[in-house]
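S.K.: Position 317 (the sequence shown) corresponds to 317 in this note's numbering; numbering is contiguous.
Glycine included, C-beta positions come from ideal geometry on N, C-alpha and C.
Can you read through this structure? Questions will come right after.
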Amino acid sequence: MNKRIIAFSVAVGICLSCFMIRSRAVFVSARGAVMMCVETGEVLFSENPDKRLSMASTTKIMTSLLALEAAKPQLEIEVTSEMAEVEGTSMGLRAGDSVSLLEIVYGMLIQSGNDAANTAAIVLAGSVEDFSVMMNKRAEEIGMKNTNFVTPSGLDDEEHYSTAYDMALLACECIKNPEFRKICSQKSARLSYGNPPYDRTLTNHNRLLWSMEDCIGIKTGFTQKSGRCLVSAAQRDGVTLVVVTLNDPDDWNDHISLFDYGFSVCSSDVLSPACRRLNVCGSDKDSVPVVPACEPLFPKAENVKCEVYLRRFEYAPVLKGETVGKAVYRSGGKIVYELPLIAGETAGIAVHIAEEKQSATDRIIGRIKEFRLFRR
Numbered sequence: 001m002n003k004r005i006i007a008f009s010v011a012v013g014i015c016l017s018c019f020m021i022r023s024r025a026v027f028v029s030a031r032g033a034v035m036m037c038v039e040t041g042e043v044l045f046s047e048n049p050d051k052r053l054s055m056a057s058t059t060k061i062m063t064s065l066l067a068l069e070a071a072k073p074q075l076e077i078e079v080t081s082e083m084a085e086v087e088g089t090s091m092g093l094r095a096g097d098s099v100s101l102l103e104i105v106y107g108m109l110i111q112s113g114n115d116a117a118n119t120a121a122i123v124l125a126g127s128v129e130d131f132s133v134m135m136n137k138r139a140e141e142i143g144m145k146n147t148n149f150v151t152p153s154g155l156d157d158e159e160h161y162s163t164a165y166d167m168a169l170l171a172c173e174c175i176k177n178p179e180f181r182k183i184c185s186q187k188s189a190r191l192s193y194g195n196p197p198y199d200r201t202l203t204n205h206n207r208l209l210w211s212m213e214d215c216i217g218i219k220t221g222f223t224q225k226s227g228r229c230l231v232s233a234a235q236r237d238g239v240t241l242v243v244v245t246l247n248d249p250d251d252w253n254d255h256i257s258l259f260d261y262g263f264s265v266c267s268s269d270v271l272s273p274a275c276r277r278l279n280v281c282g283s284d285k286d287s288v289p290v291v292p293a294c295e296p297l298f299p300k301a302e303n304v305k306c307e308v309y310l311r312r313f314e315y316a317p318v319l320k321g322e323t324v325g326k327a328v329y330r331s332g333g334k335i336v337y338e339l340p341l342i343a344g345e346t347a348g349i350a351v352h353i354a355e356e357k358q359s360a361t362d363r364i365i366g367r368i369k370e371f372r373l374f375r376r
């Protein structure tokens, strides 16, 4: 196969100055803050991003993720006194109540119930202590290097801490989970649990769901030690941003300001139509369309150019969704974003070629059979 790579550039005009200069115009009251693009992991703003701080009930983001990843949403739980008897906010669980694991997640993300978090921990791991091991293992998988979970609810503990950056990584991971995203974005939820079960309405504590049309959650938190903590997400024009503030007395306003800033500096662009077909040999199709594996999203920068790398041709079969190249976005010679390019259609092997291959295979099998007969 001829593996020579073809590269050609498409100019993408994007205004505004570079990210580092623009970010100085944004100020927050938080001791730690990060704004991150979910699609790329790019940090668009930070203030003490790696400072270890307690994170209050935003801890329940991790507890909820583990509960959903357990894939037992309809698991029916009989609440014990050990599960229900915990200080702080509550979804109203009592010993003897019947509640599902999915309703427990609603109780954590919407009502911020410490009893819900305690119940999830005991059900999934047998004890709060063993559940903290699960939390820290999952945190390591996500890349949260400056985090240590001790409690499932976020109640104060000297060894329970995280950073704004780590919590942003966690939020990006969670917002990609459809069920998590669905629950945390609801202003309220009607559930039925208890002994016997009866209907109740839980109301979300996140004011941004009422003040921002494009807000999609995620979780509030507060203790005297932690101060006000808030992890939120919003989506505009195909771009999803996560904002984390820890110990922030003005968190609602800070999040709105950061989202306005972030969406003003985050750009979405597409490949030129001239870059969208790949020649195929040995197929009834001469070529297949080439599309980005995802929408290219990156912070705005000056004079961005998109370099598209494709082989001159591919041999059939080429499957829809198969990676066939890549696009590299550069600004001032520096790579600002890369994404894979995939085949938009399947190109199978041409019928006559398939028959020839089948005939050749039959001949080989026949010779093997003849050889075996001769050996006998």
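Count the CB pairs spanning the segment 328-335 and the segment 32-50 that are closer than 8 Å, and state whether there are at least three.
M.R.: No, they do not touch.
S.K.: Run the CB neighbour count on Q71, radius 10 Å, all protein chains shown included, and call it buried at 16 or more, exposed below.
M.R.: Working through the sequence shown from its first residue, we reach residue 71 at position 71. For the sequence presented, residue 71 should be read as Ala rather than Gln. By the neighbour-count rule (16 or more Cβ atoms within 10 Å), A71 is not buried but exposed.
S.K.: Take S257 and list the residues in its own chain whose beta-carbon comes closer than 6 Å to its own, dropping the five residues that flank it on each side.
M.R.: Looking up residue 257 in the sequence shown gives position 257. Excluding sequence neighbours, S257 sits near nothing in its chain.
S.K.: I need the DSSP call for G143, collapsed to helix, strand or coil.
M.R.: Counting from 1 along the sequence shown, the entry for residue 143 is found at position 143. It is coil, neither helix nor strand.
S.K.: Could you check if Y106 is buried or exposed, using at least 16 other CB atoms within 10 Å of its CB as the buried criterion?
M.R.: If you number the sequence shown from 1, residue 106 lands on position 106. With 16 or more Cβ atoms within 10 Å of its Cβ, Y106 is classed as buried.
S.K.: Have a look at the DSSP bridge pairing and note the partners of A343.
M.R.: Residue numbering aside, residue 343 sits at position 343 when the sequence shown is read from its first letter. Answer is V290, bridged to A343.
S.K.: Return the first residue and the last residue of the beta strand (DSSP E) that S64 is part of.
M.R.: Locating residue 64 in the sequence shown gives position 64, where the first residue counts as 1. First-last for S64: K60 to E69, but that is the alpha helix (DSSP H), not the beta strand (DSSP E).
S.K.: Name the one or two DSSP bridge partners that P197 has.
M.R.: Along the sequence shown, one-based indexing puts residue 197 at 197. Paired residue(s): G194.
S.K.: Does the beta-carbon of D286 have 16 or more other beta-carbons within 10 angstroms, so that it is buried, or is it exposed?
M.R.: Here residue 286 refers to the residue found at position 286 of the sequence shown. D286 is exposed by the Cβ-count criterion.
S.K.: Note the first and the last residue of the continuous alpha helix (DSSP H) segment covering I110.
M.R.: Stepping through the sequence shown from its first residue, residue 110 is reached at position 110. That residue, I110, is in no alpha helix (DSSP H); it is neither H nor E in DSSP.
S.K.: Any Cβ of chain C within less than 8 Å of the Cβ of R330?
M.R.: Any reference to chain C falls outside this structure, which holds one protein chain only.
S.K.: I believe S264 touches A350 by the beta-carbon criterion, under 8 Å. Please report the beta-carbon distance rounded to the nearest angstrom.
M.R.: Residue numbering aside, residue 264 sits at position 264 when the sequence shown is read from its first letter. Residue numbering aside, residue 350 sits at position 350 when the sequence shown is read from its first letter. About 51 Å separates the two Cβ atoms, so there is no contact after all.
S.K.: For the beta strand (DSSP E) containing V280, name the first residue and the last one.
M.R.: Position 280 of the sequence shown, counting from 1, holds the residue named residue 280. Note, V280: beta strand (DSSP E), R277 to C281.
S.K.: Rounded to whole angstroms, how far is the Cβ of S100 from the Cβ of L68, which I believe are closer than 8 Å?
M.R.: Here residue 100 is taken as the residue at index 100 of the sequence shown, counted from 1. Here residue 68 is taken as the residue at index 68 of the sequence shown, counted from 1. About 12 Å separates the two Cβ atoms, so there is no contact after all.
S.K.: For the segment 56-66 and the segment 167-174, state whether three or more C-beta atom pairs, one from each stretch, are separated by less than 8 Å.
M.R.: The segment 56-66, when compared against the segment 167-174, does touch it at the 8 Å Cβ threshold.
S.K.: Should D250 and G227 be called a contact, given that it needs their Cβ atoms to be closer than 8 Å?
M.R.: The residue given as residue 250 occupies position 250 in the sequence shown. The residue given as residue 227 occupies position 227 in the sequence shown. No; because the gap between Cβ atoms is not below 8 Å, this pair is not in contact.
S.K.: Rounded to the nearest angstrom, what separates M212 and E103 at their Cα positions?
M.R.: By 1-based counting over the sequence shown, the position of residue 212 is 212. By 1-based counting over the sequence shown, the position of residue 103 is 103. About 26 Å.
S.K.: In this structure, does DSSP put M55 in helix, strand or coil?
M.R.: Sequence index remark: in the sequence shown, residue 55 carries index 55 (1-based). Three-state result, M55: coil.
S.K.: Run through the DSSP bridge pairs and tell me what A233 is partnered with.
M.R.: Here residue 233 refers to the residue found at position 233 when the sequence shown is read from its first residue. Answer by DSSP bridge pairing, in chain order: V242.
S.K.: Cα separation between I43 and D166?
M.R.: Within the sequence shown, residue 43 is the residue found at index 43, counting from 1. Within the sequence shown, residue 166 is the residue found at index 166, counting from 1. Note on residue identity: the sequence assigns Val, not Ile, to residue 43. Roughly 12 Å between the two C-alpha positions.
S.K.: Give the straight-line distance between the Cα atoms of R24 and A234, rounded to the nearest whole angstrom.
M.R.: In the sequence shown, the residue the question calls residue 24 occupies position 24. In the sequence shown, the residue the question calls residue 234 occupies position 234. Unreliable placement is indicated for R24, whose pLDDT of 44 sits below 50; no coordinate value is reported for it.
S.K.: Give me, in chain order, the residues of the same chain whose beta-carbon lies closer than 8 Å to that of C281; leave out the 5 immediate sequence neighbours on both sides.
M.R.: Along the sequence shown, read from residue 1 onward, the residue named residue 281 stands at position 281. These residues qualify, in order along the chain: F313, E314, Y315 and A316.
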